[in-house]
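See below for the structure under consideration.
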Amino acid sequence: MGADLWRSGRPFWTYSRVHQELFVEDPVIQRLNSTPEPYRVLQLPPDIYPYPGSSLMAFGIPQLLGHHGNELHSFDELFGGKNRWSYLRSMKLWDLFAINQVLLPAGVELAEQLPGFSGMFDSSLTGALTSSGVRTDLYVRRDPAPYARLVPGAAKVTDEQAIAAILDPRIDLYRVVLIAPEALLEPPPLTEVPEPLLVDVVFDEWEPGHMRMHFSQPAPRNAMLVVSENWYPDWKARVNDVPAPVIRGNVSLITVPVPAGTDRVELTFDSADYRLGRAISFVGLAIVVAGVVIPVVRRRRSRG
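2 is the number of the first residue of the sequence shown in this note's numbering; add one for each residue after it.
Have a look at this one:
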């Protein structure tokens, strides 16, 4: 039946190579791809040309927004609601997610779109012609936000309280991370907010599902490593080669407790549910194949 439907419908199909013609490498994509990873790009407005939806992801370029069928609720809430993005103009959120590159339609001044932000970005490309025929401007942050930070203090609060604190310009997120209420970790009470730690986090490896990093110096005290990636239960951490918990911090980010003296951390995405589902699928496929093959073999043997 499937073959007959394919034969009947074939004359009405038109094959195109949209991904090879409309969305191909252009000067903007080449410039972004030359940026050392990890980094993250924000296009404003987020859902129109030259790169609608998740187009940049097709070239391996990390972007903040874009279509995803299984978007994380915590991420949506942190930015003020899915497709509303009420808090998108918060510079503290830009810091948390390491937004260091911004794309704007050509001729639109950054100061018009984001008052107060223009002094933080330099123009990298002006009026660059993209593969879709639309010209765009690329701005690069003068002092890049780190993709991971070592934070000395922690407090357990509800997501609503955390969002309010994150948006509050008085709260320094380099000094304290706000931990989700379901986290098993109980941080010590904060009698005072500690000073930021002067420790840089350097990435040795960064790819989807795996990150490896080291610190510019060993952690001088117990602290929290906050990474600009969305938390999910299947993330696993090793701190100085010892398994460690991965908790949800600042509403949506990967957060790993690290003891004093830590100098390296590795993160890996490993889903036991996926492995179980894959095994069940293979077993089910084997049963189906056996159900087809075994009767045929038995009939042939009985005839022989």
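Even glycine gets a Cβ: it sits at the ideal position worked out from N, Cα and C.
Inset, instruction - Take every Cβ of the stretch 39-47, pair it with every Cβ of the stretch 64-77, and state whether three or more of those distances are shorter than 8 Å. - result: yes
Legend entry - Leu-191, DSSP secondary structure in three states: coil
Legend entry - Residue interval of the beta strand (DSSP E) (run including Pro-244): 243-245
Legend entry - Selected residue, minimal CA-CA separation from Arg-136, among Arg-142, Gly-128, Leu-97: Comparing Cα positions, the closest option is Gly-128.
Inset, instruction - Rounded to whole angstroms, what's the CA-CA distance from Glu-72 to Ile-255? Just pull it up for me. - result: Taking the straight line from one Cα to the other gives about 16 Å.
Inset, instruction - Spatial neighbours of Leu-123 within its chain, please: CB distance less than 6 Å, with the 5 preceding and 5 following residues excluded, ordered by chain position. - result: It is worth fixing the name first, because residue 123 is Asp in this sequence and not Leu. Shown here for Asp-123: same chain residues with a beta carbon closer than 6 Å to its own, the five before and five after excluded, namely Val-141, Arg-143 in chain order.
Legend entry - Three-state secondary structure assigned by DSSP to Pro-258: strand
Inset, instruction - Figure out for me which residue from Glu-78, Arg-265, Pro-106, Trp-232 has the closest Cα to the Cα of Pro-244. - result: Arg-265
Legend entry - Assumed close pair Ala-146, Trp-95 - CB separation to whole angstroms, cut-off 8 Å: 7 Å
Legend entry - Cβ pair count under 8 Å reaching 3, the stretch 201-208 against the stretch 172-187: At 8 Å Cβ cutoff, the stretches do not touch.
Legend entry - Rounded straight-line distance, which links the Cα of Gly-10 to that of Gly-81: 45 Å
Inset, instruction - Could you check what DSSP says for Phe-216 in three-state terms: helix, strand or coil? - result: The three-state reading of DSSP puts Phe-216 in strand, counting E and B together.
Legend entry - Sufficient close CB pairs (3 or more, under 8 Å) joining the stretch 153-171 to the stretch 185-195: yes
Legend entry - Close Cβ partners of Arg-32 (< 7 Å) along its chain, the five nearest in sequence each way excluded: Ser-125, Leu-126, Leu-139
Inset, instruction - Please classify Ser-125: does DSSP put it in a helix, a strand, or coil? - result: strand
Legend entry - Rounded straight-line distance, which links the Cα of Pro-51 to that of Gly-134: 8 Å
Inset, instruction - Ignoring anything shorter than 4 residues or poking outside the stretch 75-132, list the alpha helix (DSSP H) runs there in chain order. - result: 92-97, 111-114
Legend entry - Rounded distance between the beta-carbons of Arg-213 and Pro-232, thought under 8 Å: Checking the sequence, you will find Trp at residue 232 rather than Pro. Not confirmed; about 18 Å, so no contact.
Inset, instruction - Report all residues from its chain with a CB closer than 7 Å to the CB of Asn-251; omit the five preceding and five following residues, and keep chain order. - result: Leu-97, Ala-163, Ile-167, Leu-174, Val-178, Leu-179, Val-227
Inset, instruction - Go to Val-161, then tell me how far its alpha helix (DSSP H) extends in each direction, as first and last residue. - result: Val is not the amino acid found at residue 161; the sequence shown has Glu there. Counting along the chain, the alpha helix (DSSP H) containing Glu-161 begins and ends at 160-168.
Inset, instruction - Assign Phe-29 to one of two classes, buried (16 or more other C-beta atoms within 10 Å of its C-beta) or exposed (fewer than that). - result: In the sequence on display, residue 29 carries Val and not Phe. By the 10 Å Cβ count, Val-29 comes out buried.
Legend entry - Three-state class that DSSP yields for Ser-272 in the structure shown: coil
Legend entry - Buried/exposed call for Leu-57, threshold 16 Cβ in 10 Å: buried
Inset, instruction - Would you mind reading off the limits of the beta strand (DSSP E) that contains Arg-41? - result: It spans 41-44 - the beta strand (DSSP E) in which Arg-41 sits, taken as one unbroken run.
Inset, instruction - Measure the CB-CB distance between Leu-268 and Ala-238 and report whether it falls below 7 Å. - result: yes
Inset, instruction - Sort out for me which residues DSSP pairs Leu-335 with in a bridge. - result: Coverage of the chain is limited to positions 2 through 305, which leaves residue 335 absent and any answer about it impossible.
Inset, instruction - Spell out the partners DSSP gives Trp-7 in its beta bridges. - result: None, per the DSSP bridge assignment.
Legend entry - Inter-residue Cα distance where the pair is Pro-260 and Pro-219: The straight-line gap from Cα to Cα measures roughly 10 Å.
Legend entry - Beta-carbon proximity check, Pro-182 vs Met-225, cutoff 7 Å: No. Outside cutoff.
Legend entry - Nearest residue (CA-CA) to Glu-230, options Pro-221, Pro-37, Val-247: Val-247
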